[in-house]
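A.B. asks: One structure is given below, represented as structure tokens, and several questions about it will come after.
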Amino acid sequence: MLKAALLVAAATHGIVAASYLFVSPAATRGPPPPRTAENARRRRLIQRGGGSARERSDARRRTVGGQSPVFSYVSPAAAPDRRTATTALRLAPQQLGEFEPVGSSDAEREFRRVQLYDYSAEGPIGFQDMWDAQKALLDGHLDRLTDELRMEKEGRAAPAASQFVPKDRGEDWTEGKNTIAPLRDLTAAAAKGESAAGGGHDRIVMLQHAPVYTLGTGSDLAFIKSASEGGLSDVDVVRIERGGEVTYHGPGQLVVYPILDLRGYHQDIHWYMRALEEAILMALESAGIKGAAREDDVTGVWVSDRKVAALGIKVRRWVTMHGLAVNVDRRSLANFDGIVPCGLVGRHVCCINDHLKEPITVEDFAEHMKRALERVFEIRLVTC
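Our numbering applies: residue 73 is where the sequence shown begins, and numbers increase by one.
Okay, structure coming up:
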């Protein structure tokens with residue numbers, strides 16, 4: 073049977089993401105598979121939300137003839153010889169997904185504790201420093217998952233809710249209280265090649281970056297105007313491991329990096345993107361912004377047809393990296409003129425203070441964002 077080569081471009085940074093499936097043209101002509109009783113059981117599991125998160129995810133993956141564009145039925149008789157097969161590109165519409173609550177109880181929420189690192193009131197942080205810290209945090213999760221898998225193979229029970237901060241550690245965040253030293257410790261550990269993420273717990277980091285243009289894995293350099301014109305940009309340019317096109321980070325913008333194991337929420341990348349947007353919308357409304365909304369077929373959040381927030385993520389073994397950026401004050405718009413933001417030709421960006429009579433600071437908006445993240449992900453943010 074022909075082995076299809078699969079590339080999924082995540083819905084990120086405002087571009088119309090899609091799922092690309094390379095298949096032989098002949099392979100698409102086979103008859104549809106019968107809708108067996110097993111398929112019906114899996115569909116019910118998906119639709120009704122029964123079973124564990126792992127069972128629902130497995131049902132989505134295994135259901136034949138479902139709606140996901142990245143899995144398709146290939147008739148054995150129709151599959152050509154691999155040595156002579158030609159390939160064609162079939163483009164499926166973007167699956168934007170929908171936001172729905174996590175559904176945890178009040179009792180469960182007491183244990184859903186996520187560590188907060190709030191740098192929003194500090195000076196700009198270099199992109200490389202934060203990237204090193206993110207990798208250290210991810211390594212902690214991966215080590216935890218490896219340990220739990222080994223325990224399972226040995227017939228031992230893994231700790232319950234191990235991705236969350238234990239109840240005997242940390243305290244609820246309070247306004248204006250930032251935690252600086254622990255993240256520096258993580259950055260130093262990452263520089264030494266160590267995995268020192270302290271148990272692999274979920275964490276959320278808030279900060280302002282030093283000026284930088286970031287490009288996703290497959291981003292087009294032509295969307296940086298100085299590069300397309302043969303010149304050099306005064307702003308650092310970094311290509312990183314995320315989806316989406318070029319965007320800008322700098323002072324005046326709140327950047328949020330959730331390092332979360334989606335097993336504790338919904339194991340669905342599209343749901344996660346919509347959840348980030350939902351948190352942004354809640355925070356904007358709380359800050360006094362009226363009319364903020366999503367737009368069809370693109371990610372991010374918009375106000376009066378201008379983009380105020382962008383998203384870009386990477387997921388490894390269901391653990392998230394990168395995140396979202398919200399333009400707060402006018403400084404955040406300083407270098408967007410040098411790019412085509414998110415590759416959206418003819419579209420423009422704005423900041424929160426464009427729409428408020430009384431301007432707010434990045435630190436002010438971070439407080440709104442914390443409350444929104446707690447509501448959307450049904451967690452308690454704690455400082456340790």
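Built from N, CA and C at the ideal position, the CB exists for glycine as well.
1) Just list the residues that DSSP pairs Ala-382 with in beta bridges.
2) Taking the C-alpha atoms as reference points, what is the distance between Glu-172 and Thr-319?
3) Using the Cα positions of Asp-257 and Lys-207, report the straight-line distance between them to the nearest angstrom.
4) Mark Thr-218 as exposed unless 16 or more other C-beta atoms lie within 10 angstroms of its C-beta, in which case mark it buried.
5) On a Cα-Cα basis, can you pick out the residue from Glu-182, Ile-432 and Ala-381 that is closest to Arg-346?
6) Quick check on DSSP: helix, strand or coil for Glu-224?
7) List the whole-angstrom C-beta distance separating Met-393 from Ile-331, where the pair is believed to meet the contact cut-off of C-beta under 8 Å.
8) Name the residue from Asp-201, Val-370, Val-387 and Cys-423 whose alpha carbon lies nearest to the alpha carbon of Ile-341.
9) What do you get for Leu-188, buried or exposed, if any count of 16 or more other CB atoms within 10 angstroms of its CB means buried?
10) Does the stretch 190-201 come within contact of the stretch 362-381, defined as at least 3 CB pairs closer than 8 Å?
11) In whole angstroms, what is the alpha-carbon distance linking Ala-365 and Ile-432?
12) For the alpha helix (DSSP H) holding Leu-353, just list the boundary residues, first then last.
13) Return the residue from the list Asp-426, Met-354 and Ala-351 that minimises the CA-CA distance to Arg-378.
14) Quick one: is the Cβ of Lys-442 within less than 6 Å of any heavy atom of the ligand NAP?
15) Output the distance between the C-alpha atoms of Ala-282 and Ala-397, rounded to the nearest integer angstrom.
16) Should Leu-221 be labelled buried (16 or more other beta-carbon atoms within 10 Å of its own) or exposed?
17) Can you tell me whether Val-310 is buried or exposed? The criterion is at least 16 other CB atoms within 10 Å of its CB, across all chains shown.
18) Exposed or buried, which one is Gly-212 when buried takes at least 16 other CB atoms within 10 Å?
19) Using the beta-carbon count (16 or more within 10 Å), is Ser-192 buried or exposed?
20) Measure the C-alpha to C-alpha separation of Pro-238 and Glu-435 and round it to an integer number of angstroms.
21) Near Leu-279, what residues of its chain come up, given a Cβ to Cβ distance below 6 Å and the 5 sequence neighbours on each side ignored?
22) How is the alpha helix (DSSP H) around Arg-443 delimited, first residue to last?
23) Going by C-alpha distance, which of Ala-355, Glu-367 and Gly-384 is nearest Ile-312?
24) Which whole-angstrom value is the C-beta distance of Val-400 and Gln-339, which I expect to be below 8 Å?
25) On the three-state DSSP scale, how would you describe Ala-406?
C.D. replies: In short:
1) Ala-397
2) 28 Å
3) 13 Å
4) exposed
5) Ala-381
6) helix
7) 6 Å
8) Val-387
9) buried
10) no
11) 20 Å
12) 341-359
13) Asp-426
14) The model on display carries no ligand, and the ligand NAP is accordingly not part of it.
15) 13 Å
16) exposed
17) exposed
18) buried
19) buried
20) 27 Å
21) Tyr-191, Ile-197 and Val-327
22) 434-449
23) Gly-384
24) About 32 Å separates the two Cβ atoms, so there is no contact after all.
25) coil
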